[in-house]
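Number 110 in the working numbering belongs to position 110 of the sequence shown; there are no gaps in the numbering.
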Amino acid sequence: MVFCVEPLNAPVLLLGICATTAFVSMWMHNVAATVMMMPVATGILQRLPSSPSSSSEMVPPAVGKFCRAVVLGVIYSAVVGGMSTLTGTGVNLILVGMWKSYFPEADPISFSQWFFFGFPLALCLFVMLWGILCVLYCPKGSGKLLSPYLHKSHLRTELEMLGPMSFAEKMVLSVFGGLVVLWMTRNITDDIPGGVASSTVEPVMER
């Protein structure tokens, strides 16, 4: 709703879809994020005409271009967003494992260290991606052609039909927020003693 302004601005709407996909992909595998966000994107695109309703009416070329921009934006935004965190894609975790194997004396790569390295890089790539998609698939004046099919009042009606967040949804959001905080602050608690170490287990086994 924030990105669907009146009159419709196709680049801004595309930015909202791509930014949401990139954010979701930061905290889960990029393939799973794409599978989850693609139905949302196609649900928006289903409002656009796919064939002429009459022989005298033709589908504007801007409609097809915007559809391609949304599909490509979801796919590539998930890839770019997955670069931001260790949980974004399995390749990042493989790199951390290889780092421990090849450089055992070096400090391990923590979640926060990777985030401060990967997030600025992913942000730059995301801006470049959005700019390229806008230049290729969102020409000037495309918003006026899409406005009759993607009106803000329609989206507001669907949002009201969802209703307020339930208690279970709020709990899931709270647990997820706590998980992100623990991921980001994990290296802070490395020096705090706790758990069972090998030096504790060996004397017990000798008895």
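Where a beta carbon is used, it is the ideal one built from N, C-alpha and C, also for glycine.
Taking the alpha-carbon of residue i as reference, which of the options has the nearest alpha-carbon?
| i | options | result |
| --- | --- | --- |
| residue 41 | 13, 28 and 61 | 13 |
| residue 147 | 20, 62 and 27 | 62 |
| residue 49 | 67, 35 and 36 | 67 |
| residue 21 | 76, 90, 137 and 65 | 76 |
| residue 219 | 128, 139 and 47 | What is shown of the chain runs 1 to 207, which leaves residue 219 out entirely. |
| residue 47 | 140, 116, 145 and 100 | 145 |
| residue 23 | 108, 167, 43 and 115 | 115 |
Taking buried to mean at least 16 other C-beta atoms within 10 Å of its own C-beta, is residue i buried or exposed?
| i | result |
| --- | --- |
| residue 17 | buried |
| residue 133 | buried |
| residue 126 | buried |
| residue 97 | exposed |
| residue 89 | buried |
| residue 33 | buried |
| residue 101 | exposed |
| residue 37 | buried |
| residue 84 | buried |
Just how far apart, CA to CA, sit residue i and residue j?
| i | j | result |
| --- | --- | --- |
| residue 156 | residue 82 | 30 Å |
| residue 119 | residue 92 | 13 Å |
| residue 110 | residue 123 | 20 Å |
| residue 113 | residue 180 | 14 Å |
| residue 3 | residue 15 | At residue 3 the pLDDT is 48, less than 50, meaning the model places this residue with poor confidence and gives no usable figure here. |
| residue 27 | residue 35 | 14 Å |
| residue 182 | residue 86 | 13 Å |
| residue 8 | residue 60 | 16 Å |
| residue 56 | residue 141 | Residue confidence for residue 56 is low, a pLDDT of 47 falling below 50, so the modelled location carries little weight; the figure read from the coordinates is stated next. Between residue 56 and residue 141, the C-alpha separation is close to 22 Å. |
| residue 171 | residue 160 | 21 Å |
| residue 108 | residue 72 | 35 Å |
| residue 167 | residue 178 | 16 Å |
| residue 187 | residue 174 | 22 Å |
| residue 53 | residue 43 | Unreliable positioning characterises residue 53 in this predicted model, as indicated by a pLDDT of 49, which lies under 50. A coordinate reading is not provided. |
| residue 95 | residue 139 | 40 Å |
| residue 153 | residue 163 | 16 Å |
| residue 19 | residue 29 | 16 Å |
| residue 185 | residue 117 | 16 Å |
Just to confirm, are residue i and residue j a CB contact at a threshold of 7 Å?
| i | j | result |
| --- | --- | --- |
| residue 25 | residue 106 | no |
| residue 131 | residue 10 | no |
Could you give the C-beta distance for residue i and residue j, rounded to a whole number, given that I count them as a contact under 8 Å?
| i | j | result |
| --- | --- | --- |
| residue 45 | residue 74 | Actually they do not touch by this definition, with Cβ atoms about 10 Å apart. |
| residue 137 | residue 65 | 4 Å |
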